[in-house]
Every structure is written in C-alpha cells, then in structure tokens.
Amino acid sequence: MAVNTAARGTSAGVDPSGPNKPTPRRYLAPLLLPAVILLALLSIYPFVWLIYMSFNAVGLAPGAPNEFVGFDNWSRMFSDSQYWESWGILAKYSVVSMVLEVGLGTLLAILLNRSKHEKLLITILLMPMMMAPVVAGLLWQYLYNGTFGWYFWILRSLGLLDEGTILGSSDIALWAIVAVDVWEWTPLVALIVLSGLKLVPQDQMEASWMDGAGPVRSFFQVALPAIKGSLMIAILLRFMDNIRIIDHFIALTGGGPANSTKILPLYLYEQSFSFFELGYGASIALTLLLVTILFGKLVVNRFEEREENPAKKDEELV
Amino acid sequence: MAALTFNNVWKRYDQVEAVKNLNLDIRDGEFLCLLGPSGCGKSSSLRMIAGLEFISEGEISLGGQRINELEPRHRDIAMVFESYALYPQKTVYDNMANPLRLRKMSKDEIDRRVKETAAILEIERLLGRRPSQLSGGQKQRVAIGRCLVREPKAFLFDEPIAHLDAKLRARMRGELKHIQKTLGTTTVYVTHDQLEGMSMADRIAIMRDGVLQQVATPHEIFNRPANVWVATFIGDPPMNVLNAEVQTADGGLVARAPEYTIAIPDRQAAALSNARLTDGKVQIGIRPEALRLSQTPDAAHPIAGRIYAVQPLGDVEIVDVRVGDERILVKTELGTIQNEDIDVPVFMGYKPEKLYFFDAVTGEAVYE
Amino acid sequence: MTNPRTATEAGSTEIQDDRAAVKDDDLVPGPAVDARDQVVRGRGSRIVGIAISTFLTLYVIWTLAPFYIMITSSFKAKGDAFSLPAEGDWGGAAEKLIAFTPTTQHYTDLFAQGEFERYFMNSLIAALSSAIISVVFGTTAAYAISRGRFRGKKDLYFWIISTRMAPVVAVTVPLYAIFKNFQLLNTLPALILAYTVFNLPFAIWILKGFFDAVSYEIEEAYMVDGHSRWQALWKIIPLVAPGLAAVVVLCVLLAWNDFIFAAVMGGEAAKTLPVATQGLKSASGIEWGQIMAAGMVTVAPMLLLGIVIRKYMVQGLTMGAVKQ
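Chains as they are written, first to last, in my numbering: chain A, 28 to 345; chain B, 60 to 427; chain C, 34 to 357.
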C-alpha cells in the first residue's frame with residue numbers, strides 16, 4: 028500500500044494529457060478555438076453592443092456620437108401601444124399558421140409514410156422550401172393581385188371574395204400571409220413528423236393490431252406517443268422561424284393595411300431601418316432575443332432527448 | 060514478440076476507478092484472456108496496452124521496455140476492435156495493407172504479405188470488396204487479417220467475436236486459437252464470455268470491479284477458484300452456493316443448514332477450523348455436475364428437495380430443485396428422473412471431495 | 034419441383050441483406066424497414082385509398098401551382114397575356130393558363146439592363162464565401178465537440194445553437210451599427226460575415242451529427258496501425274465528406290435566400306438577387322413578368338441544388354431533427 032500511495036502522489040506531476048490519451052485537451056483547443064472565437068466576435072460582441080445601444084440614441088452619420096439616454100428607449104417601448112399590438116399580431120399569426128401547418132403536416136406525413144411515391148412526393152414538397160422567402164412573397168403578391176392575380180380570380184369566381192382586394196383588406200391580409208406560410212413550410216412539419224413516424228416501433232403497432240385496435244386507435248395508442256417528440260420539435264422550430272424571418276411580410280404587405288400585419292419583428296425592422304431609431308430598435312430586439320433564447324432552450328432540450336446515442340466512448344475520452 | 064507486464068497499474072476516470080492496482084505478467088507467446096463482466100476494467104486494461112487510454116498510475120512494459128509514454132503508433136501492437144473498425148472507404152486489400160504502407164514496406168512485400176494472410180483466413184476472394192459488402196463474419200476476418208499482416212509484438216483482441224452468431228463464434232474460437240498457436244504471438248484477449256476464455260486461453264485473468272481476482276490456467280480456474288465469485292462466474296450452469304453454519308458433531312465438523320447437514324471431509328476440516336470463519340458462517344459450493352439425483356431417499360442421497368423445473372438438453376438434463384428457500388441446479392444424465400412433474404420429491408447426493416468451502420464473509424476459498 | 038414461393042422469399046431476403054450491408058457504409062442511419070403493403074387490409078380500405086390519393090393529388094397541385102404560374106408568367110409577353118378571363122369563366126382560364134406564345138423577352142430585358150449579372154455574382158460570392166468559412170471552422174469545432182468531453186460543453190453547445198436561432202432582424206440591428214463603425218456597410222465582406230453568424234453554428238450542429246456517426250474505433254484503428262493522432266483525424270474526413278457537401282449546399286442556400294441582411298447592409302454595391310428582385314417592384318408600374326423572371330433566376334439554382342442533395346436537404350432544413 029505504501030508503494031501505491033507514493034505512486035499516486037507522483038501521478039499528479041505527470042502530464043495528464045500524455046501522448047497516449049485519445050483526444051486530450053491539447054488536441055481539442057486548437058480545433059475548437061478558431062470557431063469559438065469567430066462566433067464570439069459575430070454573436071457575443073454584437074449582443075453587448077445591442078445592450079449598449081438600447082441605452083443610447085444612436086448617431087447615424089459615420090462616426091457620429093451616441094447619446095446616453097438611460098432607460099428612455101425602454102420606457103418608450105413599454106408605453107408604446109404599437110409594440111404590444113405587434114406582439115399580439117405575431118402571436119395570432121404564429122398560433123394560426125402553426126395549428127394549420129401541424130394539422131396538415133401530420134396528415135401529410137401519415138399519408139406519405141404509406142404512399143408508394145414517397146420519394147417523388149418528398150421532392151415535390153421540398154420545392155417551396157428552396158424558394159427565397161422574399162421571392163415566395165412576391166410570387167404570392169402576384170397571385171393575390173387584384174388585376175392580374177390568379178388566386179384573386181379564383182376566389183372571386185368561387186364567390187368567396189365579395190369586395191376589395193385580398194391584401195388590401197385588413198380583415199384578410201394576415202390570413203393571406205398565413206396561407207403563404209402554410210404553403211412554404213407545411214412540408215417542413217410533414218418531413219419532421221415523417222421522420223418520427225419512421226421510428227414508431229413496428230412491433231408495437233402489430234401488438235396493438237393483435238389487441239384488436241383499428242388504424243385510428245392504434246395511431247393514437249402507439250404512433251402518437253412515439254411522434255410526440257418530433258411534433259414538439261416541429262412546433263418549436265416553426266414558432267422560432269416566425270420570429271426569425273419576416274420576408275413574406277416585407278414582400279406582401281410591409282405591415283399594412285392599417286398596421287394589421289405589423290408583427291413585432293417587422294415593427295422592429297421598420298423602427299430600425301425605415302426610421303433609423305436604432306437605439307429604440309435595440310430595446311425591441313433584446314426582448315425578441317430573450318423570447319427566442321427561451322424557445323431555443325426548449326428546442327435544444329428536445330433535441331437532446333432525441334439524441335439517444337451520444338457516442339458512449341465519450342466517457343473514456345476524458 | 061514480447062512479454063507484457065502490468066506493474067501496479069491504475070486507471071481512473073473522473074470519479075471512477077476502472078482498474079485498481081493491476082499486477083500481471085503476460086509471458087512471451089502466451090494467449091492470455093482478460094475475463095470479466097462488463098465494467099470490470101478489462102477493456103480499459105487492454106486499451107492501456109494499446110496506448111488508447113492514458114495510464115493513470117503504474118507502469119506497463121512490453122519486452123522489458125516501459126511503454127507508458129509511447130504513442131499507439133510506436134508501440135508495434137496490433138488490435139482487433141469490437142466493431143471491427145474497418146476503414147469503410149477502403150477495400151479489404153487496402154485495409155490490410157494500411158499498416159504495412161506506414162512501415163515503408165516495398166510494394167511486392169506488402170502484396171506478398173496481404174495475400175499470404177488472406178490465404179490463411181480464406182478471404183482471398185474478398186480482397187477487392189469494401190467493408191459494406193461484407194457479412195459480419197467476413198468483416199471479422201478482415202479485422203484479424205489487418206492484425207496478422209503486421210507481425211507485431213502483441214495482438215490485442217477486444218471482444219472480437221461478440222457480435223457473431225453462435226455457430227460462427229464456435230468456429231472462430233477454434234480458428235483464432237489455431238492461428239495464435241501457429242504464429243506464437245503474445246496475445247491479450249478481452250471477453251465477457253467465460254466459454255471463450257476457457258476454450259482458447261493459456262491462462263485466464265479474471266477481473267471484477269477493477270480488481271484482478273485470479274490468474275491461472277482454465278483448468279485451475281475451474282477446479283480451484285480463488286473465491287466464491289470466480290467459482291460462480293466460471294461454469295455453465297453455474298456452481299450452486301449454499302449458506303450454512305459450521306458446527307462440531309461426532310468429533311468432526313459439519314455444515315448445518317435448516318434443511319440438511321453436510322459432513323465436512325477431514326482434509327478440509329482442518330483448514331476450515333484454522334480459517335476461523337466469521338461466526339462460523341460458511342458457503343458451500345457444489346457444481347451441478349457433481350450432484351447426483353435419486354427419487355428414493357437413502358443414505359447416499361441425504362439432501363431432500365422438490366422438483367421446480369426440468370430442462371432436457373439432449374444427452375443430459377438440468378434439474379432445478381427447490382430446497383427450503385434455496386434452489387439447486389443438478390446436471391444429470393437423461394432418464395435419471397422418471398417422474399418430472401413439478402413438486403415431486405427428489406433426493407440429492409454428492410461426492411465429498413467435490414465440495415468447495417468459502418468464507419461466507421470474505422468469499423475466499425478454503426482449501427486443505 | 035421447386036416452390037416458387039420459397040424462391041421469391043429467398044430472393045427477397047437476399048435483397049434485404051444487401052440493404053443492411055450497404056447501410057453500414059451510409060453515415061446517416063437509414064430509415065426503418067418498410068412495412069407498408071405487408072398487412073392484410075379490410076374492404077373499406079379501397080374507399081380510404083381513393084380519398085388519400087385525392088388528397089395527395091390536391092396537395093401536390095396546391096404546392097406546384099404557384100411554381101407553374103411563376104414559370105409561365107416569366108415567359109409570357111407583356112400586356113394581354115397577363116389579363117385574366119371574366120370571373121367564373123373557367124374554360125377561358127384553363128386556356129389562358131396553358132395556351133400562350135412563350136417569349137424570353139423578360140429574361141433578356143433583365144440582363145440587358147446590365148446589372149443583373151453583377152447581382153448574381155454578388156449572391157454567389159457572398160453565399161459561397163460564407164459557406165466555405167463556415168464549413169472549415171465548423172468541421173474542426175464539430176469534431177472537437179463530438180469527440181471531446183470538457184466542462185461547459187453543454188453550455189457551449191447551447192450558445193452555438195441559440196445563435197443559429199436568433200431573429201434575423203435582431204441580429205441586423207447591432208451588426209449594422211458595428212459595420213457602420215468599421216466602414217463595412219455596402220460591401221460583400223459585411224454580408225459574408227453576417228451570413229456566417231447563422232451558417233457557422235449550423236455547420237457545427239450538422240457536422241457534429243456526422244462525426245458522431247463515425248465510430249471512434251476507426252480512429253483508434255488508424256492509430257494502432259501507425260498513424261499519429263492528427264493523421265487519424267485527417268483520415269476520417271473522407272467519411273464525413275457527404276456531410277461536408279451537404280453543409281456547403283445548405284449554407285449557400287441560407288445565404289442565397291437571405292433578404293434582410295442584404296437589404297440593410299448590402300446597398301447597391303453588394304446587392305444580391307433577392308434584393309434586386311424585390312427592387313424591381315418599386316419601379317413605376319409593377320412589371321410582373323420581369324419580377325417572375327428575376328424570381329426564376331433566384332430560385333432555379335437552389336431548386337437544382339435541393340434536388341441533387343435531396344436526402345441531406347431534409348436533414349439540414351430540419352436542423353438535423355430528421356435523420357434519413
């Protein structure tokens with residue numbers, strides 16, 4: 028035992044990352060640091076700037092000084108009725124498009140899973156997602172157009188639209204944008220759910236058939252619990268993208284008519300880059316970021332639940 | 060070829076001690092099997108030899124030279140991995156040639172060696188294929204081939220046949236042993252399967268929770284296990300272990316349990332009294348094949364029990380007998396038992412010289 | 034006499050074995066065994082089948098109709114070709130949609146104005162540069178995260194992912210101010226850096242998955258064979274090559290399709306295709322034919338890329354939530 032304790036004492040002096048260790052830190056650092064530093068410059072540095080900006084009136088000309096204004100931007104934001112209204116529109120828009128996309132996407136996924144033309148259908152479904160969102164917006168603006176638009180014409184011919192144009196009426200403009208979102212992104216939900224369906228244990232499905240369950244019952248009994256994780260990921264990703272990307276809105280309505288489609292990120296865009304109220308924009312941006320980070324945490328947790336095989340060898344690499 | 064020595068070797072991860080003070084001499088040309096359940100430290104020990112794992116403390120030497128600080132590539136050791144770890148983008152030929160090319164061997168020499176080895180392993184016709192086009196058994200041969208071409212100082216095997224089906228495993232056991240004996244290269248073979256250890260190794264080193272339990276020939280491990288854990292780990296079906304108390308009776312010693320009393324043979328009685336068991340508690344070990352059965356009570360069959368289940372295995376059958384709260388397995392010739400119904404009374408007899416005694420507290424075996 | 038049924042079964046088993054073997058080479062886990070058409074179905078399934086086919090057909094039409102209208106409109110001459118039939122005149126509508134004399138006038142107009150090639154090149158340079166930066170730095174970082182274990186790994190990972198998920202406009206606000214200070218506004222480097230904010234975390238995320246799928250034992254085998262630690266790392270790069278290709282394409286896609294960054298920070302000097310397309314609108318009187326042509330120029334390259342790497346596209350668009 029005396030020998031052991033002595034030897035143990037010396038081991039502290041031995042370089043713990045000796046050459047025969049698989050991936051010691053001295054190999055990790057040079058691999059990891061360049062990316063981490065670059066990303067820190069591109070995300071943490073701007074984030075700090077954002078906080079700084081939110082307490083300043085930001086000068087516009089190159090080199091123009093910023094003026095410290097304390098909590099002015101923040102108090103303005105909290106008393107700004109359009110700010111709160113824009114949150115409301117964002118919520119309304121997100122919930123409705125999410126419900127439609129998840130419902131339709133799940134149905135599509137189930138049908139795709141049983142279809143003989145799965146590959147072809149997936150290729151077709153991928154197409155809208157390849158389209159630059161702003162181009163999708165322009166294309167649909169054309170389809171909705173009151174003079175040339177085919178979808179406008181169809182709605183009129185079917186007697187579904189009595190007067191006005193689609194994007195010109197504040198009652199329907201938001202739903203028209205929802206339709207574009209559904210068109211472009213429902214396939215994404217379908218593909219995520221489809222990947223979940225592929226993981227549904229076939230033997231459990233068979234067991235539920237043997238128990239006497241029909242297809243609907245066995246779906247709710249076996250498949251739905253199994254795809255719950257995928258559905259959750261789809262929902263969270265869609266919510267986050269609704270905050271992230273506003274290209275449809277910029278192309279289709281720019282927030283009108285009468286601010287009826289001015290979702291919060293669009294309001295932020297307008298404040299920052301139409302009115303160049305960058306300090307005020309920074310405050311709004313920070314609140315948006317906060318919400319995103321909360322959602323992000325949820326998404327990452329979901330991903331980690333899905334990741335069942337984080338190389339077991341990890342343990343031995345210390 | 061070279062001898063391999065573990066000298067007070069420890070392996071620690073953050074909180075876990077995977078290998079605790081391992082001392083082990085592996086002789087030049089020996090086939091040593093590191094045997095134990097998963098998590099016993101056998102794989103860590105092997106990977107420390109390969110240089111894939113840092114040695115926390117102690118020393119490993121190969122051919123008399125300390126190798127702790129050598130990178131894997133400088134150790135001149137070949138290894139077969141559990142997943143085979145074939146290079147998916149390379150053909151079988153290139154997989155096998157890879158280690159040779161690194162040693163700056165001439166093209167002709169590489170070609171000669173790869174083809175020779177392929178012939179030994181009967182994989183010549185696979186040389187142009189890629190790993191994805193091979194079956195599990197074929198991949199396994201290629202992995203072995205990649206080892207053999209090198210003529211290294213030692214072979215390391217990490218559960219190499221664990222993922223093959225039972226038939227193929229039985230065949231590969233014979234082949235691996237044959238190849239090892241032909242080449243005479245020092246070999247360390249890690250497995251959790253006692254059958255592989257017993258059938259192939261010159262000596263077996265049994266590990267449990269990072270601690271080496273016993274190093275000995277398969278014969279000795281089976282017949283003179285160092286403790287009750289080794290005794291029950293080796294052998295299929297496993298050894299029966301009964302709890303009893305040592306008492307004095309008729310001038311000799313007996314082991315007494317509520318259901319039966321076993322007379323302790325004189326030659327072991329001395330050792331048992333010297334061993335000074337804690338509270339006189341003892342564990343009696345009897346291998347299933349050392350028991351005999353009868354359906355009529357007599358002096359030769361003193362332990363009474365009732366049939367729990369009978370498992371016929373072709374020429375023999377395993378009879379599961381309930382004695383009090385304990386269950387005892389008996390391996391007997393087919394037909395010994397006439398009435399195989401559940402709960403039928405049976406009587407067991409034993410040869411006293413086939414009994415093992417273990418200290419019930421420490422688990423150490425007590426021999427004469 | 035041979036039993037044809039047994040023969041077929043033997044044949045199909047062999048095919049299955051092949052699939053399993055090929056899968057090993059595939060770095061991404063394959064789909065579960067296809068079980069459709071194995072089950073005995075009841076009588077009602079015919080009607081259900083028709084309903085399903087109808088729904089899928091309608092959905093495909095809903096998905097493809099805008100593309101059809103976009104493509105045809107981009108080849109329609111100005112004026113009358115764009116007028117709509119009288120409301121309710123479905124026959125006239127069908128005729129209008131199918132029968133017209135195609136012209137490439139809009140495309141020639143687009144490029145005749147001289148600047149569109151430059152916008153195209155801007156898009157290409159910004160997207161490719163950002164993709165390459167992201168994939169180079171992303172590969173090393175993804176390897177380290179996949180293989181290493183160190184304190185704070187989870188937090189690092191979360192930071193990387195949440196960067197990818199940040200709202201584009203919220204990122205644009207501080208970047209605009211910073212780039213203004215560094216005199217980078219209206220330059221391609223500004224766009225390249227901005228795209229890297231999203232592409233680098235994305236590359237790390239996706240490539241980590243690819244490295245996770247490569248058994249660490251392969252690297253160990255290389256080391257035992259006689260390679261150094263660095264060489265062993267280098268040797269497994271070919272095994273993640275499909276991942277690298279997929280990540281490059283997906284990064285290009287994200288940057289190519291961006292509007293906000295380019296609109297705010299690109300100016301005229303670094304104008305990209307989506308901004309130019311949207312810009313056509315604000316000219317006096319909207320020329321839809323030309324906008325559709327510009328849209329086609331923007332969309333077509335990505336559609337082609339998307340179909341080429343279809344398999345990884347799905348994975349990339351879902352941030353790895355889908356493993357195919």
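All C-beta atoms in this analysis are idealised placements derived from N, C-alpha and C, irrespective of residue type, glycine included.
Residues of chain C with CB under 9 Å from residue i, in chain order?
i                    : result
residue 1 of chain B : With chain B covering 60 to 427 only, the question about residue 1 of chain B has no answer from this structure.
Per DSSP, which residues does residue i bridge with? Please list them.
i                      : result
residue 217 of chain B : B/249
residue 415 of chain B : B/344
residue 350 of chain B : B/409
residue 62 of chain A  : Looking at the DSSP assignment, residue 62 of chain A forms no beta bridge with any residue, so it has no partner.
residue 215 of chain C : The partner list for residue 215 of chain C (beta bridge, DSSP) is empty, contrary to what the question assumes.
Which chain C residues are close to residue i, counting only those with a beta carbon under 7 Å from its beta carbon?
i                      : result
residue 103 of chain A : The premise fails here: residue 103 of chain A is roughly 16 Å from chain C at the closest Cβ pair, so nothing lies under 7 Å.
residue 162 of chain B : 259
residue 61 of chain A  : 170, 173
residue 136 of chain B : 257
residue 158 of chain B : 258, 259
residue 320 of chain A : 195
What residues of chain A sit near residue i, judged by a beta carbon separation below 9 Å?
i                      : result
residue 343 of chain C : 146, 149, 150, 153
residue 290 of chain C : 157, 158, 159, 160, 161, 162, 274
Taking DSSP as the reference, what is the three-state secondary structure of residue i?
i                      : result
residue 70 of chain C  : With a pLDDT of only 49 at residue 70 of chain C, under 50, the local geometry of the prediction cannot be trusted, and no value is derived from it.
residue 57 of chain A  : helix
residue 247 of chain C : coil
residue 113 of chain C : helix
residue 270 of chain C : helix
residue 371 of chain B : strand
residue 232 of chain A : helix
residue 391 of chain B : strand
residue 248 of chain A : helix
residue 365 of chain B : strand
residue 112 of chain B : coil
residue 75 of chain B  : coil
residue 340 of chain A : Because residue 340 of chain A carries a pLDDT of 32, less than 50, the predicted location of this residue cannot be relied on, and no value is offered for it.
residue 83 of chain B  : strand
residue 125 of chain B : strand
residue 32 of chain A  : Note that residue 32 of chain A scores a pLDDT of 33, beneath 50, so its modelled location is shaky and nothing firm can be said.
residue 319 of chain C : coil
For residue i, go through chain B and note every residue whose CB falls closer than 7 Å to its CB, in chain order.
i                      : result
residue 248 of chain C : 142, 144
residue 272 of chain C : 147, 148
As a quick exercise: from the options, pick the residue whose alpha carbon is nearest that of residue i.
i                      : options                    : result
residue 222 of chain B : B/113, B/142, B/95         : B/142
residue 211 of chain B : B/293, B/320, B/135        : B/135
residue 208 of chain C : C/89, C/91, C/226          : C/226
residue 156 of chain A : C/99, C/194, C/140, C/136  : C/99
residue 290 of chain A : A/300, A/305, A/278, A/273 : A/273
residue 230 of chain A : A/207, A/250, A/57, A/79   : A/250
residue 108 of chain B : B/97, B/253, B/129         : B/129
residue 202 of chain A : A/54, A/326, A/104, A/124  : A/124
Assuming residue i and residue j form a contact by the criterion Cβ under 8 Å, report the distance between their Cβ atoms to the nearest whole angstrom.
i                      : j                      : result
residue 213 of chain B : residue 61 of chain B  : 7 Å
residue 247 of chain B : residue 105 of chain B : 6 Å
residue 233 of chain C : residue 65 of chain A  : 7 Å
residue 75 of chain A  : residue 292 of chain C : Actually they are not in contact, since the Cβ atoms of residue 75 of chain A and residue 292 of chain C sit about 26 Å apart, beyond 8 Å.
residue 286 of chain B : residue 156 of chain B : Actually they do not touch by this definition, with Cβ atoms about 47 Å apart.
residue 166 of chain C : residue 229 of chain C : 6 Å
residue 111 of chain B : residue 259 of chain C : 14 Å between Cβ atoms; not a contact.
residue 151 of chain B : residue 188 of chain B : 5 Å
Residue i versus chain A: which residues are under 8 Å apart at the beta carbon?
i                      : result
residue 321 of chain C : 169, 172, 175
residue 162 of chain C : In chain order: nothing, as chain A lies at least about 13 Å away.
residue 339 of chain C : 153, 154, 156, 157
residue 102 of chain C : 166, 169, 170, 177
Check the Cβ of residue i against every Cβ in chain B and list those closer than 9 Å, keeping chain order.
i                      : result
residue 253 of chain C : 106, 109, 111, 131, 138, 140, 144
List, in order along the chain, the chain C residues whose C-beta lies closer than 8 Å to that of residue i?
i                      : result
residue 270 of chain A : 200
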